[in-house]
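Enquirer: Residue numbers (the working numbering): 222 to 581.
Submitted below is the structure of interest, expressed as structure tokens.
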Amino acid sequence: FMMDWASVVPADQPTGREAKDPKDVNGTGPFKFKSYQSGVSWEAVKYENYWNKGLPHLDGVIVYIIPDRNTGLAAFRAGRLDITAPVYLTVPQYKIIDAQMKGQATAYLYANSFWWNLYMANDKKPWSDPRVRKAAFMVIDRKQAIETVDKGFGTTDGVLPPSLGGLTPAELKNIPGWREPKSLDIEEAKKLMAEAGYPKGFKTDIFYRPGGDYESMAIFVRDQLGKLGIESTISTRPGAAFYDYVYARSYQTHTHRHPFAPASPDTILAQYYRTGGKRNFADVSDKKLDEMIDKQTSTLDPQERKKQVKAINLYLYENALASIIHWGNYSQAWQKWVRDFVPGETIYNNLRFESAWLDK
């Protein structure tokens, strides 16, 4: 459950560096690595000395690498796969399984399991001007983004969903970026652009991860920014080169989506908005914001912490530091013979298959 938050490493290993080599990471799970075939599959087998005696029930797990999702869906429908990865199915595929495989399989939706962002480089002109960032943030039609990119599956929640202390829909409706009619935001955004010295817009680049949904979002954002006269090209890089480019902060703007775990405000606030956060892809650096984030982290009273988290949300919006577009839903499916698999609160919370077994 700590996969997205921390890793277990040997005590004699130097701290402050990433454990990129699998040999540097200590396993704590019910399975151990057996083999990997590039582009084909990887396999893990039962760990006989697992601390939780009597588990796991499975002798092993084989994960097949199937880049073409239609091929993967066909394999699942034919019964050749027991379960899908929680990030694999597209929305139409989820709907197919849900409608056509009732009684044969379970189709499960992880509500608000990832969010889309538009990262604007806070340290590079023209994005270093908060008026420009706010204008770009305001002009995006979030309801249209959900329909266009995620086929209607998603919510227009803010930086944090209400379940994590974010503003409710009623509270968001008065925040620039969520107001209706949308023409109000567009009109104000154009005024901000003019005040910043860009009445006719400017040219920029939108960097995105290779793949269907990622490209769809980049194209959508390009079209949205066009309302302000901003002419955007879209670009990407394959494989590891994509991550090298992102972590070097080489882009002007960057669209991406992120799942998360554990379900805590800190998972998002500390990583994505605090100075020095490993996933602070917009290079947000605000001393007051850092203090607010640190304070809520150490606040033990739940109600007081909620108040502080809401105040952080408002501060992000008021100071053009937020990058949220909308929240989406990952989906997963498993066959009727898969027993004792219970989906977690996030997609990372039940990947161990510790108690799962097959009734076939």
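Positions of the beta carbon are idealized from the N, C-alpha and C atoms, including for glycine.
Quick check for students: name the residue ranges of the beta strand (DSSP E) that lie wholly in the region 276–337, counting only runs of 3 or more.
Expert: You should have 281–285.
Enquirer: If you measure between the beta carbons of residue 376 and residue 333, is that distance less than 8 Å?
Expert: In the sequence shown, residue 376 corresponds to position 155, counting from 1. In the sequence shown, residue 333 corresponds to position 112, counting from 1. Cβ distance < 8 Å, so residue 376 and residue 333 count as in contact.
Enquirer: Rank 462, 277 and 550 by C-alpha distance to the C-alpha of residue 428 and give the top, closest one.
Expert: Counting from one through the sequence shown, the residue named residue 428 turns up at place 207. With distances taken between Cα atoms, residue 428 lies closest to 462.
Enquirer: Grouping DSSP H, G and I as helix and E and B as strand, with all else coil, what is residue 511?
Expert: Your numbering for residue 511 matches position 290 in the sequence shown. Note: residue 511 maps to helix in three-state DSSP.
Enquirer: Around the Cβ of residue 307, are there at least 16 other Cβ atoms within 10 angstroms (buried) or fewer (exposed)?
Expert: Numbered from its first residue, the sequence shown carries residue 307 at position 86. Buried.
Enquirer: Could you pull out every residue in the same chain whose Cβ sits closer than 7 Å to the Cβ of residue 580, ignoring the five residues on either side in sequence?
Expert: One-based indexing of the sequence shown puts residue 580 at position 359. Answer for residue 580: 558 and 560, listed in chain order.
Enquirer: Using 10 angstroms around the beta-carbon of residue 402, count the other beta-carbons present and answer buried if the total reaches 16, otherwise exposed.
Expert: Numbered from 1 along the sequence shown, position 181 holds the residue referred to as residue 402. Its Cβ having fewer than 16 others within 10 Å, residue 402 is exposed.
Enquirer: Taking just the CA atoms, how far does residue 537 sit from residue 525?
Expert: Locating residue 525 in the sequence shown gives position 304, where the first residue counts as 1. Locating residue 537 in the sequence shown gives position 316, where the first residue counts as 1. Roughly 19 Å between the two C-alpha positions.
Enquirer: Apart from the five residues on each side of it in sequence, which residues of its chain come closer than 7 Å, Cβ to Cβ, to residue 531?
Expert: As a working mapping, residue 531 is identified with position 310 in the sequence shown. Once the five neighbours on either side are set aside, the close Cβ partners of residue 531 are 386 and 388.
Enquirer: Just checking my contact of residue 482 with residue 474 at CB under 8 Å: how many whole Å lie between their CB atoms?
Expert: Counted from its first residue, the sequence shown places residue 482 at position 261. Counted from its first residue, the sequence shown places residue 474 at position 253. No, residue 482 and residue 474 are not in contact; Cβ-Cβ is about 26 Å, not under 8 Å.
Enquirer: If you draw a straight line from the C-alpha of residue 431 to the C-alpha of residue 370, how long is it?
Expert: Counted from its first residue, the sequence shown places residue 431 at position 210. Counted from its first residue, the sequence shown places residue 370 at position 149. C-alpha separation (whole angstroms): 15 Å.
Enquirer: DSSP puts residue 424 in a beta bridge; with which residues?
Expert: As a position in the sequence shown, residue 424 is number 203, starting the count at 1. 452, per the DSSP bridge assignment.
Enquirer: With a threshold of 6 Å on Cβ separation, who are the neighbours of residue 374 within its own chain once the five nearest residues in sequence on each side are excluded?
Expert: In the sequence shown, counting from the first residue as 1, residue 374 sits at position 153. Hits under 6 Å: 312 and 550.
Enquirer: For residue 393, collect the residues of the same chain with a Cβ closer than 6 Å to its Cβ; drop the 5 residues on either side in sequence, then sort them by chain order.
Expert: In the sequence shown, counting from the first residue as 1, residue 393 sits at position 172. 379 and 399, listed in sequence order.
Enquirer: Ordered along the chain, which non-local residues of its own chain (more than five positions away) have a Cβ less than 8 Å from that of residue 456?
Expert: The count along the sequence shown starts at 1 and reaches residue 456 at position 235. These residues qualify, in order along the chain: 426, 427, 428 and 429.
Enquirer: Please state whether DSSP places residue 440 in a helix, a strand or coil.
Expert: By 1-based counting over the sequence shown, the position of residue 440 is 219. Note: residue 440 maps to helix in three-state DSSP.
Enquirer: Please go through the same chain and pick out, in chain order, the residues whose beta-carbon is closer than 7 Å to the beta-carbon of residue 364, but skip the five residues on each side of it.
Expert: The residue given as residue 364 occupies position 143 in the sequence shown. Closer than 7 Å at Cβ, skipping near neighbours: 377.
Enquirer: With DSSP run on the structure shown, which of helix, strand or coil describes residue 540?
Expert: Numbered from its first residue, the sequence shown carries residue 540 at position 319. In the structure shown, residue 540 sits in coil (DSSP, three-state: anything other than H, G, I, E or B).
Enquirer: Between the region 347–362 and the region 409–419, do three or more beta carbon pairs fall short of 8 Å?
Expert: Because the criterion of three Cβ pairs below 8 Å is met, the region 347–362 and the region 409–419 touch.
Enquirer: Spell out the partners DSSP gives residue 556 in its beta bridges.
Expert: Within the sequence shown, residue 556 is the residue found at index 335, counting from 1. DSSP output for residue 556 lists 326 as bridge partner(s).
Enquirer: Measure the CB-CB distance between residue 257 and residue 552 and report whether it falls below 8 Å.
Expert: One-based indexing of the sequence shown puts residue 257 at position 36. One-based indexing of the sequence shown puts residue 552 at position 331. Their beta carbons are not under 8 Å apart, which means residue 257 does not touch residue 552 by this criterion.
Enquirer: Can you tell me which of the three DSSP states residue 252 falls into?
Expert: What you label residue 252 is simply residue 31 of the sequence shown in a count that begins at 1. In this structure, residue 252 counts as strand in the three-state DSSP scheme.
Enquirer: Would you tell me roughly how many angstroms separate the C-alpha atoms of residue 485 and residue 542, rounded to the nearest one?
Expert: Along the sequence shown, read from residue 1 onward, the residue named residue 485 stands at position 264. Along the sequence shown, read from residue 1 onward, the residue named residue 542 stands at position 321. Distance between the alpha carbons of residue 485 and residue 542 is about 20 Å.
Enquirer: Got a sec, what are the start and stop residues for the beta strand (DSSP E) residue 265 sits in?
Expert: Position 44 of the sequence shown, counted from the start, is the residue given in the question as residue 265. Where residue 265 is concerned, the enclosing beta strand (DSSP E) stretches over 262–267.
Enquirer: Taking the C-alpha atoms as reference points, what is the distance between residue 336 and residue 480?
Expert: The residue you call residue 336 lines up with position 115 of the sequence shown. The residue you call residue 480 lines up with position 259 of the sequence shown. Using only the alpha carbons, I get a separation of about 7 Å.
Enquirer: Taking the alpha helix (DSSP H) that residue 363 belongs to, which residues open and close that run?
Expert: Stepping through the sequence shown from its first residue, residue 363 is reached at position 142. Residue 363 -> alpha helix (DSSP H) spans 363–371.
Enquirer: Who are the near neighbours of residue 271 in its chain, counting only those whose CB is closer than 6 Å to its CB and skipping five residues on each side?
Expert: As a working mapping, residue 271 is identified with position 50 in the sequence shown. So the qualifying residues of the chain are 251.
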